[in-house]
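*Asks:*
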Amino acid sequence: MGGKLLKALALLVLLLCGSSLLMLWRWDAQGHQPSTGEALLYLLVLPLMLFAGLLLLRWAWQAVLLPGLAAEKAAAAAEPAAAAAAPPTRSAEEQARERAHPVLSAQLRLSAGSSASEVQDALQSGKAAPGVDSELRGARGLPILAARMADLDPSALEASWPDADRELSTATRRALAALLEPLQRSADDIHQALAAWTQEPAPSLRLLLQTGCTARESEAVAQWVQQQLAEATGLSLERLRIEPLPAAAEPAQAIWQGADRLLTLLQRERSPDLLVLVAAHSHLAEDLVERWEAEGRLFDAERQPKGLMPGEGAAVLVLGPADWPALGDEPPLPHLHRPVLAQRDKSIEAPGKVGHQVLEAVLAQTLALGRCGAEALGSLVCDADRHGPRNTELFGAVLAHKLPLDPIEDMQLLGAACGHLGSVGSVAAVALAAQRAAADEEHRPSLILGLNDLQARLGLLVRRGAPA
Numbered sequence: 001m002g003g004k005l006l007k008a009l010a011l012l013v014l015l016l017c018g019s020s021l022l023m024l025w026r027w028d029a030q031g032h033q034p035s036t037g038e039a040l041l042y043l044l045v046l047p048l049m050l051f052a053g054l055l056l057l058r059w060a061w062q063a064v065l066l067p068g069l070a071a072e073k074a075a076a077a078a079e080p081a082a083a084a085a086a087p088p089t090r091s092a093e094e095q096a097r098e099r100a101h102p103v104l105s106a107q108l109r110l111s112a113g114s115s116a117s118e119v120q121d122a123l124q125s126g127k128a129a130p131g132v133d134s135e136l137r138g139a140r141g142l143p144i145l146a147a148r149m150a151d152l153d154p155s156a157l158e159a160s161w162p163d164a165d166r167e168l169s170t171a172t173r174r175a176l177a178a179l180l181e182p183l184q185r186s187a188d189d190i191h192q193a194l195a196a197w198t199q200e201p202a203p204s205l206r207l208l209l210q211t212g213c214t215a216r217e218s219e220a221v222a223q224w225v226q227q228q229l230a231e232a233t234g235l236s237l238e239r240l241r242i243e244p245l246p247a248a249a250e251p252a253q254a255i256w257q258g259a260d261r262l263l264t265l266l267q268r269e270r271s272p273d274l275l276v277l278v279a280a281h282s283h284l285a286e287d288l289v290e291r292w293e294a295e296g297r298l299f300d301a302e303r304q305p306k307g308l309m310p311g312e313g314a315a316v317l318v319l320g321p322a323d324w325p326a327l328g329d330e331p332p333l334p335h336l337h338r339p340v341l342a343q344r345d346k347s348i349e350a351p352g353k354v355g356h357q358v359l360e361a362v363l364a365q366t367l368a369l370g371r372c373g374a375e376a377l378g379s380l381v382c383d384a385d386r387h388g389p390r391n392t393e394l395f396g397a398v399l400a401h402k403l404p405l406d407p408i409e410d411m412q413l414l415g416a417a418c419g420h421l422g423s424v425g426s427v428a429a430v431a432l433a434a435q436r437a438a439a440d441e442e443h444r445p446s447l448i449l450g451l452n453d454l455q456a457r458l459g460l461l462v463r464r465g466a467p468a
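Positions 1 to 468 (UniProt numbering) are the ones given, in order, by the sequence shown.
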């Protein structure tokens with residue numbers, strides 16, 4: 001307190017002396033003789049008023065302005081810490097873009113096995129591979145290499161389609177016969193999921209079909225699939241709606257474009273409906289083999305060592321809304337993120353150098369969409385083979401991103417075991433990846449890459465449980 005008083009007195013003396021010297025010098029320079037009133041005003045009153053003003057300013061600074069500045073400084077210092085402690089907020093648009101849907105069912109049947117676990121075991125053992133076909137031959141009369149389902153009985157279709165032998169092509173009959181078991185198992189999963197649903201309205205089913213049949217067969221095949229699901233689930237036909245696929249040159253691109261469009265619409269409408277993806281295809285037909293050979297696409301050890309080996313199979317996926325409720329103590333469901341689609345500038349089977357830039361970009365966007373670093377991946381499933389240009393493209397993209405995956409243990413190539421599967425490849429790959437992700441207790445995501453199409457490229461990410 002004493003120090004503050006001495007400082008105030010020193011300031012007062014300084015003001016009195018300074019103002020007195022200034023005014024006396026000015027009056028002397030002007031030859032002015034001040035009166036008593038002027039002397040009191042300029043030598044005493046004005047210095048005292050200036051002193052009082054300075055004291056008032058100092059008080060305002062210490063009592064009002066200084067605490068406010070201190071508070072602002074403290075708040076500014078606290079903002080980075082608060083920002084670091086609080087989780088980053090995401091816009092509604094980002095949340096919609098990064099949403100993931102629970103996989104309520106993932107069923108398949110391929111030449112390598114009749115379930116995801118059987119196919120996975122076959123892939124890891126390395127024993128499954130296309131072999132010399134017992135029926136189909138090339139133009140030179142030699143057997144071709146194909147992945148035929150040896151235990152497939154097309155006559156099993158007759159129980160539900162008595163005139164199938166007359167109305168359907170050989171390839172379509174084989175495709176639908178392969179679909180029977182996965183469709184029944186998916187129907188059982190759907191029935192179980194709907195039984196646990198207690199809210200209103202009850203979910204309906206939206207069906208997207210990619211069966212590789214001819215245009216003449218497509219309507220009848222769609223009605224058959226609808227009828228099979230209705231009977232197996234106990235739902236009325238009115239609750240099973242077949243959705244049209246968007247027009248696309250590549251079938252795998254069409255089914256995933258349609259799936260993303262429909263899931264976005266259902267999410268916007270807050271609909272509880274389930275999406276059922278059905279893919280079935282058989283390339284084990286004489287006319288297709290002849291066409292592939294004429295186009296130079298069929299594998300031939302001498303003439304076309306990078307060609308395709310025909311395969312066949314079926315796969316079914318059932319996806320629920322992003323907010324589908326968990327079932328009690330059940331393990332977390334695998335969740336599938338939105339697809340990433342892109343187009344190569346030329347066919348993968350065109351002559352010349354095989355570029356991987358498009359697939360590399362698809363891979364990067366897929367990881368970003370799932371907010372997943374490359375180092376966090378647990379596995380990769382792809383529909384490519386090991387001997388053709390798609391394999392070159394795949395490993396170019398994998399090496400560019402330095403994915404920490406073992407080519408034998410962590411990377412599964414369906415095409416190497418099951419031949420060329422067409423649109424079934426990507427759906428079956430998701431089913432396989434979902435099964436693997438569901439069993440991964442470390443919650444490591446699985447990456448799916450679709451390369452079967454000539455130009456369309458697909459990326460998907462599936463993980464155990466909903467994303468944080």
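In this text, a Cβ means the ideal position worked out from N, Cα and C, and glycines have one as well. For clarity, every value in this text was computed on a predicted model and none was experimentally measured.
What are the start and end residues of the beta strand (DSSP E) that includes R140?
*Replies:* Neither: R140 is in no beta strand (DSSP E) and is coded neither H nor E.
*Asks:* When burial is assigned at 16 or more other CB atoms within 10 Å of the CB, is M49 buried or exposed?
*Replies:* M49 is exposed by the Cβ-count criterion.
*Asks:* Could you give the DSSP three-state label for S204: helix, strand or coil?
*Replies:* Coil.
*Asks:* Within 10 Å of its beta-carbon, does V132 have 16 or more other beta-carbons around it, so buried, or fewer, so exposed?
*Replies:* Its Cβ having fewer than 16 others within 10 Å, V132 is exposed.
*Asks:* Kindly identify the DSSP beta-bridge partner or partners of P334.
*Replies:* R464, per the DSSP bridge assignment.
*Asks:* Near T392, which residues of its chain fall below 7 Å by C-beta distance, leaving aside the five closest residues on each side in sequence?
*Replies:* Cβ within range, chain order: V354.
*Asks:* Over the uninterrupted alpha helix (DSSP H) stretch that includes P182, give me the two end residues.
*Replies:* Segment T170 to A195, the alpha helix (DSSP H) holding P182.
*Asks:* Hey, out of W224, R390 and C418, whose CA is closest to L458's CA?
*Replies:* Of W224, R390 and C418, the residue nearest in Cα terms is R390.
*Asks:* In its own chain, which residues sit with a C-beta less than 6 Å from the C-beta of A215, not counting the 5 before and 5 after it?
*Replies:* Here the set comprises nothing.
*Asks:* Report yes or no: do the region 277-293 and the region 173-181 share at least 3 C-beta pairs separated by less than 8 Å?
*Replies:* Yes: at least three Cβ pairs fall under 8 Å.
*Asks:* Between which two residues does the alpha helix (DSSP H) harbouring H101 extend?
*Replies:* Element bounds for H101: not the alpha helix (DSSP H) but the beta strand (DSSP E), A100 to L110.
*Asks:* Can you say whether D188 is buried or exposed, counting buried as having 16 or more other CB atoms within 10 angstroms of its CB?
*Replies:* Exposed.
*Asks:* For L104, which residues in the same chain have their Cβ closer than 8 Å to its Cβ, ignoring the five residues on either side in sequence?
*Replies:* Closer than 8 Å at the Cβ level, and outside the excluded window around L104, lie D189, I190, A193, L274, V318, L319, G320, W324 and L333.
*Asks:* Measure the Cβ-Cβ separation of V278 and V225 and say whether it is below 7 Å.
*Replies:* Going by C-beta atoms, V278 is nearer than 7 Å to V225.
*Asks:* Considering only the beta carbon of each residue, do G388 and A146 sit closer than 7 Å?
*Replies:* Against a cut-off of 7 Å, the Cβ pair of A146 and G388 comes out as no contact.
*Asks:* Given a threshold of 16 other Cβ atoms within 10 Å of its Cβ, counted over all protein chains shown, does E441 qualify as buried or as exposed?
*Replies:* Exposed.
*Asks:* Pop quiz: R338 and L369 are said to be a contact at Cβ under 8 Å. What is the actual Cβ separation, rounded to whole angstroms?
*Replies:* At roughly 6 Å, the Cβ-Cβ gap stays under 8 Å, so R338 and L369 are in contact.
*Asks:* Let me check understanding here. Comparing Cα to Cα, which of A466, R371 and S426 lies closest to D385?
*Replies:* Nearest of A466, R371 and S426 to D385, Cα basis: S426.
*Asks:* Can you tell me whether P310 is buried or exposed, with buried defined as 16 or more other CB within 10 angstroms of its CB?
*Replies:* P310 should be labelled buried.
*Asks:* For the structure I just gave you, are there three or more beta carbon pairs, one from the region 193-211 and one from the region 225-243, closer than 8 Å?
*Replies:* They touch, by the three-pair rule.
*Asks:* How should P67 be labelled, buried or exposed, when 16 other C-beta atoms within 10 angstroms of its C-beta is the threshold for buried?
*Replies:* Only weak support exists for where P67 lies, its pLDDT of 49 falling under 50; the value from the coordinates is given anyway. It counts as exposed.
*Asks:* Enumerate, from N- to C-terminal direction, the unbroken alpha helix (DSSP H) stretches of 4 or more residues contained entirely within the region 394-424.
*Replies:* As far as the region 394-424 is concerned, its whole alpha helix (DSSP H) runs of at least 4 residues are 414-418.
*Asks:* Which residues in the same chain as R371 place their Cβ atom closer than 8 Å to its Cβ, once the five residues preceding and following it in sequence are excluded?
*Replies:* Once the five neighbours on either side are set aside, the close Cβ partners of R371 are E98 and P467.
*Asks:* When DSSP builds the beta bridges, which residues end up paired with G450?
*Replies:* For G450, which the question treats as bridged, DSSP gives the partners L458.
*Asks:* When the Cα atoms are used, what is the spatial distance from L394 to T198?
*Replies:* Approximately 45 Å between the Cα atoms of the pair.
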